[in-house]
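Peer 1: Before I ask anything, let me first share the structure, which is written out below as structure tokens.
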Amino acid sequence: MNQTSITPSEIIQYLFCPRFIYFEKVLCIPQHEEKSYKAMKGRHLHENKTRMNKEYLRKKLGVVQKYQEQYLTNNLLRGKVDEVLLLEDGTAAPLDYKFAKYKDKVFNTYKTQLACYAWLIEENFNLPVNRGYLVYTRSKSKMVEVELDDAFKQDVKVKADEIVKIIDRNHFPKATRYKKRCMDCTYRNICIQ
Ligand code: SF4
83 MNQTSITPSE
93 IIQYLFCPRF
103 IYFEKVLCIP
113 QHEEKSYKAM
123 KGRHLHENKT
133 RMNKEYLRKK
143 LGVVQKYQEQ
153 YLTNNLLRGK
163 VDEVLLLEDG
173 TAAPLDYKFA
183 KYKDKVFNTY
193 KTQLACYAWL
203 IEENFNLPVN
213 RGYLVYTRSK
223 SKMVEVELDD
233 AFKQDVKVKA
243 DEIVKIIDRN
253 HFPKATRYKK
263 RCMDCTYRNI
273 CIQ
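When we follow our numbering, the leftmost residue of the sequence shown carries the number 83, and every step to the right adds one.
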């Protein structure tokens, strides 16, 4: 079994720039989250613990059971899922609350986070996961369904493997292709861009 355990946040950091992982986890240089990264990540629900009503979830989504605050692990990943929904079609789905407004599109970071949770739920609940839900608490708790297809879930697993390779084998990864991200990066003075 692999000893290195990573989080959905680290996968999101990796997608922002793979070298973040190298500088922080291999060289142990702490990063100060940059404005642009923070904007991508969005704010998580801490302030408002209002939950979607179980009856509403049953009628709207066909939820037959829900589990709150599930801390799940597998041999690569660990994470805390706000809610795991068991659905009447025999699948399961993660539901995540965002202390944010819905801006007519789902950020890729949110989608990546849901795909991580899907992977954890599939392995821990032994049920297929093909969608997830986001609740935007600053848009009157608007609920948005997010499709999580196999290719997207597989991509998250590949990224997790790449992160483990960086950490366990001290692999120095390629820089991000988006040079604008380097402009206000914590590591710009030590990084060969
Ligand atoms: S300076 Fe650019 S390439 Fe280097 S870690 Fe920062 S974002 Fe990545």
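Quick reminder that beta carbons are idealized off the backbone N, C-alpha and C, glycines included.
When you compare the region 255–275 with the region 173–187, are there three or more beta-carbon pairs, one atom per stretch, that lie closer than 8 Å?
Peer 2: Touching, no, given that fewer than three Cβ pairs across the two stretches are closer than 8 Å.
Peer 1: Would you mind giving the Cβ-Cβ distance between Leu158 and Ala200, rounded to the nearest angstrom? I have them listed as a contact below 8 Å.
Peer 2: Not confirmed; about 14 Å, so no contact.
Peer 1: Measuring from the CB of Tyr218, is there a heavy atom of the ligand SF4 at a distance below 7 Å?
Peer 2: No, since every heavy atom of the ligand SF4 falls outside the 7 Å radius drawn around the Cβ of Tyr218.
Peer 1: What separation, rounded to the nearest whole angstrom, lies between the Cα atoms of Lys222 and Asp250?
Peer 2: In a straight line, the C-alpha of Lys222 is about 44 Å away from that of Asp250.
Peer 1: Give the secondary structure of Gln147 by DSSP, where H, G and I count as helix, E and B as strand, and everything else as coil.
Peer 2: If DSSP states are grouped into helix, strand and coil, Gln147 belongs with the strands.
Peer 1: Are there any heavy atoms of the ligand SF4 lying less than 7 Å away from the beta-carbon of Gln95, as far as the coordinates show?
Peer 2: No, since every heavy atom of the ligand SF4 falls outside the 7 Å radius drawn around the Cβ of Gln95.
Peer 1: Roughly how many angstroms lie between the CA atoms of Lys107 and Ile272, to the nearest whole one?
Peer 2: In a straight line, the C-alpha of Lys107 is about 15 Å away from that of Ile272.
Peer 1: How about Phe254: is its Cβ closer than 7 Å to a heavy atom in the ligand SF4?
Peer 2: Flag unset: Cβ of Phe254 not near the ligand SF4.
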